[in-house]
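Asker: First the structure, which I've put down as C-alpha cells, then a few questions once you've had a look.
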Amino acid sequence: MMQRMTAIETAIEQGDLAAIQEAIANGLEIPAEALALAAELGHIQIVEALMAAGADVNQGDSEGWTPLMAAAGGGHTAIVEKLLAAGANVNAQTVFGLTPLMAAAAKGQTATVKQLIAAGADLNAKDQNSWTALVWALDGKHADVVAVIKAARAHSLGP
Numbered sequence: 001m002m003q004r005m006t007a008i009e010t011a012i013e014q015g016d017l018a019a020i021q022e023a024i025a026n027g028l029e030i031p032a033e034a035l036a037l038a039a040e041l042g043h044i045q046i047v048e049a050l051m052a053a054g055a056d057v058n059q060g061d062s063e064g065w066t067p068l069m070a071a072a073g074g075g076h077t078a079i080v081e082k083l084l085a086a087g088a089n090v091n092a093q094t095v096f097g098l099t100p101l102m103a104a105a106a107k108g109q110t111a112t113v114k115q116l117i118a119a120g121a122d123l124n125a126k127d128q129n130s131w132t133a134l135v136w137a138l139d140g141k142h143a144d145v146v147a148v149i150k151a152a153r154a155h156s157l158g159p
C-alpha cells in the first residue's frame with residue numbers, strides 16, 4: 001500500500017523553503033521524519049528551518065534511521081556538521097545496527113566518513129550481520145573510504 005505524502009513532505013521534496021517556513025509559522029504539525037527527509041535530500045535551508053523550529057536531531061523513524069544517517073549516506077557534509085553541532089548522536093544505531101558511519105561508508109562518502117570519524121564515530125560498531133563500516137566500504141568497493149577507515153583504526157590503536 002502506497003503511503004500518501006503530506007503537503008509538508010511534498011514541500012521538502014521540492015525544496016520549497018517558503019512553504020516550510022509558512023507551515024511552521026502557522027503551527028502546522030511537522031512530521032517526525034521531516035528533518036531526516038530534508039537531510040537526505042540535502043536541503044540545508046530546510047534543515048536549518050526545521051531545527052530552528054525545534055525538530056529533534058536524534059528522532060529516528062520506526063527503524064531508528066536518524067537525520068544524521070540520512071545526511072551521512074547522501075554525503076551532505078554541511079548538514080552533517082549542523083546536526084553534529086546540534087547534538088546528533090554520531091553512534092546512533094538502527095534496529096538493524098546500522099550507524100551513520102556505516103551509511104556513509106556504504107555509499108562511498110569519503111569526506112563524510114572523515115567528518116564522522118573526527119566526531120568520534122565508533123569504527124568497530126557492528127550491525128546485525130556483524131558488519132562494520134569497513135566491511136560496508138569493502139562491499140561497496142569504495143577504496144578511498146577503506147583507506148580512511150584503516151588509517152583511523154591504525155591511529156586509534158596507537159604506536
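Under UniProt numbering, the first residue of the sequence shown carries the number 1, and numbering increases by one thereafter.
A virtual CB, placed ideally from N, CA and C, is assigned to each residue, including glycine.
How big is the Cα-Cα spacing for P31 and A78?
Answerer: Each residue's Cα considered, the two are about 23 angstroms apart.
Asker: Return the CA-CA distance between T6 and R153, expressed in angstroms with no decimal places.
Answerer: Computed Cα separation, rounded: 43 angstroms.
Asker: Start and end of the alpha helix (DSSP H) containing T94?
Answerer: From DSSP, T94 is part of no alpha helix (DSSP H); its letter is neither H nor E.
Asker: Whose CA, out of Q128, L138, A86, lies closest to the CA of A53?
Answerer: A53 has its Cα closest to that of A86, out of Q128, L138, A86.
Asker: Let me know the secondary structure DSSP gives E40 once reduced to three states.
Answerer: Residue state, collapsed to three classes: helix.
Asker: In whole angstroms, give me the CA-to-CA distance for T132 and A25.
Answerer: Answer to the nearest angstrom: the Cα atoms are 42 angstroms apart.
Asker: Please state the DSSP three-state secondary structure of P31.
Answerer: Reduced to three states, the DSSP call for P31 is coil.
Asker: Here's the rule I'm using: 16 or more other beta-carbon atoms within 10 Å means buried, otherwise exposed. How should G73 be labelled?
Answerer: G73 should be labelled buried.
Asker: Quick one: grab the DSSP three-state call for G64.
Answerer: G64: coil per DSSP, three-state reduction.
Asker: Exposed or buried, M2, counting other C-beta atoms within 10 Å across all chains shown (16 or more means buried)?
Answerer: Residue placement at M2 cannot be trusted, given a pLDDT of 42 that sits under 50; what the coordinates show is reported in the next sentence. That one is exposed.
Asker: What distance in whole Å lies between the Cβ atoms of I8 and A39, which are believed to be in contact at a cut-off of 8 angstroms?
Answerer: Going by Cβ atoms, the distance from A39 to I8 rounds to 15 angstroms, so no, they are not a contact pair.
Asker: By the 10 Å Cβ neighbour count, where 16 or more other Cβ atoms means buried, how is T10 classified, buried or exposed?
Answerer: Its Cβ having fewer than 16 others within 10 Å, T10 is exposed.
Asker: Going by the beta-carbon positions, is the gap between A125 and T94 smaller than 8 angstroms?
Answerer: Result no, Cβ atoms of A125 and T94 do not sit closer than 8 angstroms.
Asker: Quick one: grab the DSSP three-state call for G87.
Answerer: Coil, per DSSP.
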